[in-house]
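Under numbering that gives the first Met the number 0, the first residue of the sequence shown is numbered 0, with each subsequent residue one higher.
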Amino acid sequence: MSETTPRIPLIVDVDTGIDDSLALLYLLASPEAEILAITCTAGNVPARQVAINNLAWLELCGAGDIEVALGSEVPVLAPLMTTEETHGPQGIGYAELPAPTRSISERHATQVWIDAVRTAPGQVIGLVTGPLTNLALALRIEPELPRLLKRLVIMGGSFHHSGNTTPVSEWNIAVDPESAKMVFDAFSGLPDDRAPIVCALDVTERIEMRPEHLQRIAAAIGDEDAALSPDTPFGSRSQARNPVLRHLTDAVRFYFEFHVTHDQGWLAHMHDPFAAAVALHPEIVTLRPATVDVELGGTLSRGQTIADYAGLWGREPNAAVVVDTDPAAFFDHLIDRVSALAVRVEEAAGGGSH
Ligand code: RIB
Ligand code: CA
């Protein structure tokens with residue numbers, strides 16, 4: 000990427016989370032990404048823990064000047080649901096990051112969203128890799144937000160694919176279905192190239208991280224580390240020299256153990272870094288216009304996302320659903336970027352084998 004490549008301003012709303020963590024590392028590794036702020040919502044773990052996780056990753060990577068704001072600690076209506084069994088007690092698997100020295104921002108997440116789009120109308124990309132609570136609350140205050148954002152990218156939903164929280168609902172939507180519906184309703188009627196890009200399980204469950212992906216990072220930075228070999232005991236910790244690789248491997252191992260325990264194989268679905276890559280480079284996906292809505296009242300189907308591709312509801316489209324991508328090309332891109340970040344972080348700390 001040349002110095003003249005335009006930077007892409009982003010608001011990143013997260014429920015960090017193991018894959019949210021890798022999404023952040025990817026964005027920090029991407030010179031074209033200008034993270035204006037990180038806004039935190041309850042989801043994988045409580046919102047305050049989410050904020051601490053982001054402060055810690057930012058400090059580890061020498062990006063301690065990026066604002067981390069706390070948002071809603073509960074969904075707008077549903078009782079709070081978290082999933083420490085999936086992401087670990089603190090939400091970053093087995094990783095034990097140095098405690099951050101910085102504090103959470105004084106601004107509320109909704110104010111961060113609103114200030115960002117009012118300051119730079121039509122320029123900011125919104126990326127949400129957690130429940131949509133903060134965005135829904137911001138929309139209540141600033142109904143013009145859909146037209147003030149350049150584009151919204153959401154990791155969430157499941158269309159012609161099993162859910163991962165109920166048989167028909169995906170976690171980010173299931174945590175706060177009311178907020179998800181508010182967001183989809185508010186983003187109706189935008190031009191096709193401004194419609195929210197929806198990265199649902201249909202595609203993100205094809206983004207299967209395997210041990211060799213992390214071993215490629217280890218090899219690229221001269222740091223041998225086979226900590227994710229399937230025959231290492233559960234709970235093993237990485238001995239990698241490089242801090243980014245070590246903490247990332249410890250985080251991801253927990254996710255591998257969760258997936259294999261749930262009969263999905265020795266792998267980890269990397270939903271959020273994929274959505275982050277789409278936010279920077281939407282050309283890596285194939286999109287299909289749709290009208291998306293969220294079931295709220297179904298006893299069995301609450302939280303289900305439904306896509307009308309044929310105009311059967313007679314409603315304006317409000318989404319551009321990701322229907323295809325090249326997972327291998329995504330991992331090549333991710334590995335290149337995160338490897339470069341790992342080297343930069345280690346060199347900044349005065350270490351490294353280069
Ligand atoms: O369903 C997967 C999504 O839910 C990911 O964003 C994961 O981090 C959790 O938030
Ligand atoms: Ca997430």
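All C-beta atoms in this analysis are idealised placements derived from N, C-alpha and C, irrespective of residue type, glycine included.
Contact set for residue i: own chain, Cβ-Cβ below 6 Å, skip 5 residues either direction
i	result
Leu147	Val116 and Pro120
His86	Gly16, Ile17 and Asn43
Ala55	Leu96 and Pro99
Thr38	Asp12, Ala68, Gly70, Ala108, Val111 and Asn133
Val182	Leu131, Leu134 and Ala135
Gly162	Ser168 and Glu169
Asn52	Thr15, Gly90 and Ile91
His19	Here the sequence assigns Asp to residue 19, which means His is not the residue at that position. Closer than 6 Å at Cβ, skipping near neighbours: Val13, Thr128 and Asp271.
Cβ-Cβ separation, residue j to residue i (assumed contact under 8 Å), whole Å
i	j	result
Ala46	Gly16	Actually they are not in contact, since the Cβ atoms of Ala46 and Gly16 sit about 12 Å apart, beyond 8 Å.
Ala137	Leu144	6 Å
Glu58	Arg106	Their Cβ separation, rounded to whole angstroms, is 19 Å, which puts Glu58 and Arg106 out of contact at 8 Å.
Thr304	Gly156	4 Å
Ile10	Ala36	6 Å
Backbone secondary structure at residue i - three-state DSSP
i	result
Met269	coil
Pro326	helix
His107	strand
Leu286	strand
Val182	helix
Val293	strand
Tyr93	coil
Asp201	helix
Leu333	helix
Ser228	coil
Ile17	helix
Arg215	helix
Val73	coil
Asn133	helix
Gln238	coil
His86	helix
Trp112	helix
Met0	With a pLDDT of 45 at Met0, under the threshold of 50, the modelled position of this residue cannot be trusted; read the value that follows with caution. Residue state, collapsed to three classes: coil.
Identity of the residues DSSP links to residue i by a beta bridge
i	result
Leu126	Val11 and Val152
Gln303	Ser168
Glu66	Ala36
Met208	Ala267
Ala319	Ile196 and Pro288
Cut-off 7 Å between Cβ atoms - residues of its own chain near residue i, not counting five sequence neighbours on either side
i	result
Ser29	Leu279 and Arg336
Ala339	Ala28
Met0	Residue confidence for Met0 is low, a pLDDT of 45 falling below 50, so the modelled location carries little weight and cannot support an answer.
Ala267	Met208, Val251, Tyr254, Phe255 and His258
Ala347	Gly61
Leu189	Pro145
Met269	Asp18, Leu21, Ile206 and Met208
Val73	Ala41 and Leu79
Cβ shell of residue i (< 8 Å), same chain only, five flanking positions each side left out
i	result
Pro326	Arg205, Ile206 and Glu207
Thr285	Val321, Val322, Asp323 and Thr324
Leu244	Leu213, Ile216, Ala217, Ile220, Asp222, Asp224, Ser237 and Ala341
Below-8 Å beta-carbon distance, residue i vs any chain B residue
i	result
Ala339	Among the chains in the structure shown there is no chain B, since it carries only a single protein chain.
Does the structure place the stretch 269 to 279 close enough to the stretch 290 to 297 that three or more beta carbon pairs sit under 8 Å? Touching, no, given that fewer than three Cβ pairs across the two stretches are closer than 8 Å.
Contact the stretch 220 to 238 vs the stretch 252 to 268: 3+ CB pairs below 8 Å: As far as the Cβ criterion goes, the stretch 220 to 238 touches the stretch 252 to 268, which means the pair count is three or higher.
Counting Cβ pairs, one atom from each stretch, are 3 or more of them under 8 Å apart for the stretch 303 to 320 and the stretch 187 to 197? With a cut-off of 8 Å, the stretch 187 to 197 and the stretch 303 to 320 count as touching, because enough Cβ pairs lie within range.
Pair every Cβ in the stretch 218 to 230 with every Cβ in the stretch 149 to 165, then say whether three or more of these pairs are closer than 8 Å. no
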